[in-house]
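If you read the sequences in order, they're chains A and B. Using my numbering, the letters of the first sequence correspond one by one to residues 2 to 318. Using my numbering, the letters of the second sequence correspond one by one to residues 2 to 318. All C-beta atoms in this analysis are idealised placements derived from N, C-alpha and C, irrespective of residue type, glycine included. None of the values given here were measured: they were computed from a predicted structure. Right, one structure below, let's go through it.
2 protein chains.
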Amino acid sequence: MIELVLGIDVGGTNTDFGLVDSDGKILARGHLDTRQYPTAGGFVAALAEGVGKLLQKDKRFQLKGVGAGVPNANPFTGIVEDPPNLPWKGKVALRELLTDQLKVPAEISNDANAAAMGELLYGAGGSKNFVVITLGTGIGAGIVADGVLLQGRDGLAGELGHVIAIPDGRLCNCGRKGCFERYASATGLKETMHELLARPGARSLLSGSDPRNLSSKHIFDAAASGDLLALEAFDYTARIIGKVLADVAAILSPATFYFLGGLANAGDILLKPAKSYFDQALLFIHRDKITFEISSLKDREAAILGSAALLWHKLEK
Amino acid sequence: MIELVLGIDVGGTNTDFGLVDSDGKILARGHLDTRQYPTAGGFVAALAEGVGKLLQKDKRFQLKGVGAGVPNANPFTGIVEDPPNLPWKGKVALRELLTDQLKVPAEISNDANAAAMGELLYGAGGSKNFVVITLGTGIGAGIVADGVLLQGRDGLAGELGHVIAIPDGRLCNCGRKGCFERYASATGLKETMHELLARPGARSLLSGSDPRNLSSKHIFDAAASGDLLALEAFDYTARIIGKVLADVAAILSPATFYFLGGLANAGDILLKPAKSYFDQALLFIHRDKITFEISSLKDREAAILGSAALLWHKLEK
């Protein structure tokens, strides 16, 4: 028999899933359009059908469990509460739904924690003290300390996106002002670019473009072409990343920050200046001892592997 | 036999030590004047002599180990490096010196981590996720996550005193500007009071007092007598504590912040407004779920118990 765990990456638009063996190899994978399922029940039923088909591909396949990475998922309660980008409303007992439909143990966690578990089990180069940061529409973080996922009192540790980066800064969805994710996410970069474009006499390849259609990819392409304003937007974002992570380093003393998600794909244009600002801002005892790296797991795979890791980790205990 | 661990609290002025049993009771205690010993070797020899006398008090006493809480101590290397307030210079292999002289296993850690271990083993009301903050001449923190002391890559996690509280603020000994401990330590409170007293037309019970002789106790006494300027100094300090700890809460999701050290003795005059600012600044998912408490361990006992706890914890593993 080949023992497998189903890893699910639930996103606002796409849900990817895969059957993962204990070595972290994805042996089969599938996909759902999350928006087609207004209820979690319908979503899980469709998922179970898709997984059933994958399991038939090889008679040796044996499903041992399921792990899901979901925005706003609470690993302690198994409940997903008011996920901002998903069609489901209120409190959804997702862990229970998964166990009921798939007849195996289930674990759920937020996507950043799932990515951190993936990094720990299948990446991370043996490091046991690191932070995985997802720079996407928002910002999430999974913290690993001495080889253990830091979950806090209630499973909700790692809300790095809601550390205050700029006192009295931009208004955040959380109701407060100046949150890190209002600056250093893809959304934040776009807002910075809008502000720079609105300056009198601003000149950029992106001048005159419809703000609603401007994406972080457009800003990246402009910066890569040498557009000074786009480069300034990245530099501003990098400065804030450097500053906030220097504070995080003082608290956690990690060996590495791993970056993941849309904005992390900007690579050197963002992370090189961010590292430089970070080193300038860092407390001397940590100088030259902490690295910035793009996650060793590919974006889409990381989420599936990480979600599966939530359960593999438990099975192997 | 009564198995005991020697707990040592090494401070810049005083060193307290005690023989602690496995229930956290101090059965005998002693004291050294730290400043009398220009070298760590001389200090440890005097300590060994003092401990020898304590051990003779009861024939059943049996020393199993020694734990020391020392500023700038690295638990991984066993070395104390350039402690700012101690007479010893350079790198001191204190763990080795202790083992050599006392012939038992030794552990060293910084004072805040020792206090956190003390809180975990002998206080903390069963909580496994908390932060112990020492508000003394500087600020230290010991973080406990899921019942384990968070040490980071190198044993140097918890440098909360060097999170930037005020961008481009007061110059810190670490060479950077705006560190938390430049505001929320006893030293920081004094500096705030100096600034307030220097305002044109400032009126206070402390007006005209020699700044060199002004202590945080004087400011506390003035505030307790209703002095508006002294109360303003505490309010300003409280606002910064609230703001910084709200960020720490977003990262760690603790159940409790425990306060210890000289400034924590100000009690409600400091911690009540600090909690109020903290609640205002807190991310909604944590609201009404995190408490502020004065450490349940008495100041001087906490350090001895915590230091002993470093080793008891290891013996019991």
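What three-state label does DSSP hand valine 346 of chain A in the structure shown? Nothing can be reported for residue 346 of chain A, as the shown portion of chain A is limited to 2 through 318.
Anyone know if the C-beta pair for aspartate 34 of chain B and aspartate 112 of chain B falls short of 8 Å? Here residue 34 of chain B refers to the residue found at position 33 of the second sequence. Here residue 112 of chain B refers to the residue found at position 111 of the second sequence. No, the pair does not count as a contact, with Cβ atoms beyond the cut-off.
Is glycine 176 of chain B close to chain A, meaning its C-beta is less than 8 Å from at least one C-beta of that chain? Locating residue 176 of chain B in the second sequence gives position 175, where the first residue counts as 1. Yes, contact with chain A.
What residue range is occupied by the uninterrupted beta strand (DSSP E) comprising valine 45 of chain B? Reading the second sequence from its first residue, position 44 is the one you call residue 45 of chain B. Taken as a continuous stretch (DSSP letters only), valine 45 of chain B belongs to no beta strand (DSSP E), being part of the alpha helix (DSSP H) at 41-56.
For alanine 223 of chain A and methionine 194 of chain A, what's the separation of their Cα atoms in angstroms? The residue labelled residue 223 of chain A in the question sits at position 222 within the first sequence. The residue labelled residue 194 of chain A in the question sits at position 193 within the first sequence. Between alanine 223 of chain A and methionine 194 of chain A, the C-alpha separation is close to 11 Å.
So that I know if they touch, is there some Cβ in chain A lying closer than 8 Å to that of serine 186 of chain B? Taking the second sequence and counting its residues from 1, the one referred to as residue 186 of chain B is at position 185. No, no contact with chain A.
With DSSP run on the structure shown, which of helix, strand or coil describes threonine 257 of chain B? If you number the second sequence from 1, residue 257 of chain B lands on position 256. If DSSP states are grouped into helix, strand and coil, threonine 257 of chain B belongs with the strands.
Given a threshold of 16 other Cβ atoms within 10 Å of its Cβ, counted over all protein chains shown, does glutamate 317 of chain B qualify as buried or as exposed? In the second sequence, residue 317 of chain B corresponds to position 316, counting from 1. Per the 10 Å Cβ criterion, exposed.
Hey, glycine 156 of chain A and proline 76 of chain A: beta-carbon distance below 8 Å or not? Against the first sequence, residue 156 of chain A aligns to sequence position 155. Against the first sequence, residue 76 of chain A aligns to sequence position 75. Yes; because the gap between Cβ atoms is below 8 Å, this pair is in contact.
CB contact below 8 Å: glycine 263 of chain A versus chain B: Position 262 of the first sequence, counted from the first residue, corresponds to residue 263 of chain A. For glycine 263 of chain A, the answer is no, since every Cβ of chain B falls outside 8 Å of its Cβ.
Under 7 Å from the C-beta of aspartate 101 of chain B: neighbouring residues of chain A: Start at 1 with the first residue of the second sequence, and residue 101 of chain B comes out as number 100. Under the 7 Å cutoff, chain A gives no residues; its nearest Cβ is about 27 Å from aspartate 101 of chain B.
Report the three-state DSSP secondary structure of glutamine 63 of chain B (helix, strand or coil). If you number the second sequence from 1, residue 63 of chain B lands on position 62. It is a strand residue.
Roughly how far, in whole angstroms, is the beta-carbon of phenylalanine 18 of chain B from the beta-carbon of leucine 48 of chain B, given that I think they are within contact range, below 8 Å? Start at 1 with the first residue of the second sequence, and residue 18 of chain B comes out as number 17. Start at 1 with the first residue of the second sequence, and residue 48 of chain B comes out as number 47. Going by Cβ atoms, the distance from phenylalanine 18 of chain B to leucine 48 of chain B rounds to 7 Å, so yes, they are a contact pair.
Please state if the CB of aspartate 248 of chain A and the CB of valine 164 of chain B are separated by a distance shorter than 8 Å. Here residue 164 of chain B is taken as the residue at index 163 of the second sequence, counted from 1. Here residue 248 of chain A is taken as the residue at index 247 of the first sequence, counted from 1. Yes; because the gap between Cβ atoms is below 8 Å, this pair is in contact.
Test item: CB-CB of glycine 66 of chain B and alanine 29 of chain B under 8 Å: Here residue 66 of chain B corresponds to residue number 65 of the second sequence, with the count starting at 1. Here residue 29 of chain B corresponds to residue number 28 of the second sequence, with the count starting at 1. Result no, Cβ atoms of glycine 66 of chain B and alanine 29 of chain B do not sit closer than 8 Å.
Between which two residues does the beta strand (DSSP E) containing glycine 189 of chain B stretch? Sequence index remark: in the second sequence, residue 189 of chain B carries index 188 (1-based). Segment 187-198 is the alpha helix (DSSP H) holding glycine 189 of chain B; no beta strand (DSSP E) there.
Collapsed DSSP secondary structure at arginine 183 of chain A in the structure displayed: Numbered from 1 along the first sequence, position 182 holds the residue referred to as residue 183 of chain A. Three-state DSSP puts arginine 183 of chain A in a helix.
Is glutamine 102 of chain A near methionine 2 of chain A, with beta carbons less than 8 Å apart? As a first step, residue 102 of chain A is located in the first sequence; it is residue number 101 there, counting from the start. As a first step, residue 2 of chain A is located in the first sequence; it is residue number 1 there, counting from the start. No, the pair does not count as a contact, with Cβ atoms beyond the cut-off.
Counting only runs of 4+ residues fully inside the segment 103-163 of chain B, write out the alpha helix (DSSP H) ranges in chain order. 112-123
Considering only their Cβ atoms, is the gap separating serine 186 of chain B from glycine 137 of chain B smaller than 8 Å? Counting from one through the second sequence, the residue named residue 137 of chain B turns up at place 136. Counting from one through the second sequence, the residue named residue 186 of chain B turns up at place 185. Yes, they are a contact pair.
Return yes when the Cβ of leucine 283 of chain B is within less than 8 Å of the Cβ of glutamate 160 of chain A, no when it is not. Here residue 160 of chain A refers to the residue found at position 159 when the first sequence is read from its first residue. Here residue 283 of chain B refers to the residue found at position 282 when the second sequence is read from its first residue. Cβ atoms of glutamate 160 of chain A and leucine 283 of chain B: not closer than 8 Å.
Please report how far the alpha carbon of alanine 275 of chain A lies from the alpha carbon of aspartate 147 of chain B, in whole angstroms. Along the first sequence, read from residue 1 onward, the residue named residue 275 of chain A stands at position 274. Along the second sequence, read from residue 1 onward, the residue named residue 147 of chain B stands at position 146. Going by the C-alpha atoms only, they are around 31 Å apart.
Closest Cβ-Cβ distance between glutamine 57 of chain B and chain A: below 8 Å? Along the second sequence, one-based indexing puts residue 57 of chain B at 56. Closer than 8 Å: no.
If you draw a straight line from the alpha carbon of alanine 41 of chain B to that of tyrosine 237 of chain B, how long is it in whole angstroms? Translated into positions along the second sequence, residue 41 of chain B becomes position 40. Translated into positions along the second sequence, residue 237 of chain B becomes position 236. Each residue's Cα considered, the two are about 39 Å apart.
Under 8 Å from the C-beta of histidine 163 of chain A: neighbouring residues of chain B: Position 162 of the first sequence, counted from the start, is the residue given in the question as residue 163 of chain A. Per Cβ cutoff of 8 Å: Ala251 and Leu284.
Could you tell me how far apart the beta carbons of alanine 51 of chain A and leucine 298 of chain A are, in whole angstroms, since I believe they sit closer than 8 Å? For this step, residue 51 of chain A is matched to residue 50 along the first sequence. For this step, residue 298 of chain A is matched to residue 297 along the first sequence. It is worth fixing the name first, because residue 51 of chain A is glycine in this sequence and not alanine. The pair is not a contact, with the Cβ atoms about 23 Å apart (cut-off 8 Å).
Between the beta-carbon of glycine 68 of chain A and the beta-carbon of alanine 304 of chain A, is there less than 8 Å? Here residue 68 of chain A refers to the residue found at position 67 when the first sequence is read from its first residue. Here residue 304 of chain A refers to the residue found at position 303 when the first sequence is read from its first residue. Taking 8 Å as the Cβ cut-off, glycine 68 of chain A and alanine 304 of chain A do not qualify as a contacting pair.
Would you list the residues sitting across from histidine 32 of chain A in a DSSP beta bridge? By one-based count along the first sequence, residue 32 of chain A stands at place 31. DSSP lists A:Asp17 as partners of histidine 32 of chain A.
Endpoints, the alpha helix (DSSP H) within which phenylalanine 221 of chain B is located: One-based indexing of the second sequence puts residue 221 of chain B at position 220. Here the alpha helix (DSSP H) through phenylalanine 221 of chain B covers 217-225.
For chain B, find out if any of its Cβ atoms is closer than 8 Å to the Cβ of proline 39 of chain A; answer yes or no. Taking the first residue of the first sequence as 1, we reach residue 39 of chain A at position 38. Judged by the 8 Å Cβ criterion, proline 39 of chain A is not in contact with chain B.
Under three-state DSSP, which class holds threonine 292 of chain A? Taking the first sequence and counting its residues from 1, the one referred to as residue 292 of chain A is at position 291. In the structure shown, threonine 292 of chain A sits in a strand (DSSP, three-state: E or B).
Can you grab the Cα-Cα spacing for the pair isoleucine 270 of chain B / leucine 206 of chain A, in whole Å? The sequence position of residue 270 of chain B within the second sequence is 269, counting from 1. The sequence position of residue 206 of chain A within the first sequence is 205, counting from 1. Approximately 56 Å between the Cα atoms of the pair.
Where does glycine 176 of chain B sit, in a helix, a strand or coil, going by DSSP? Here residue 176 of chain B is taken as the residue at index 175 of the second sequence, counted from 1. Glycine 176 of chain B falls in the coil class under three-state DSSP.
How many angstroms separate the CA atom of lysine 315 of chain A from the CA atom of isoleucine 286 of chain B? In the first sequence, residue 315 of chain A corresponds to position 314, counting from 1. In the second sequence, residue 286 of chain B corresponds to position 285, counting from 1. So the alpha carbons of these two residues sit roughly 27 Å apart.
If you draw a straight line from the C-alpha of glycine 202 of chain A to the C-alpha of leucine 272 of chain A, how long is it? Mapped onto the first sequence, residue 202 of chain A falls at position 201. Mapped onto the first sequence, residue 272 of chain A falls at position 271. Using only the alpha carbons, I get a separation of about 29 Å.
Would you report the Cα separation of lysine 54 of chain A and glycine 141 of chain A, rounded to the nearest angstrom? In the first sequence, the residue the question calls residue 54 of chain A occupies position 53. In the first sequence, the residue the question calls residue 141 of chain A occupies position 140. Computed Cα separation, rounded: 33 Å.
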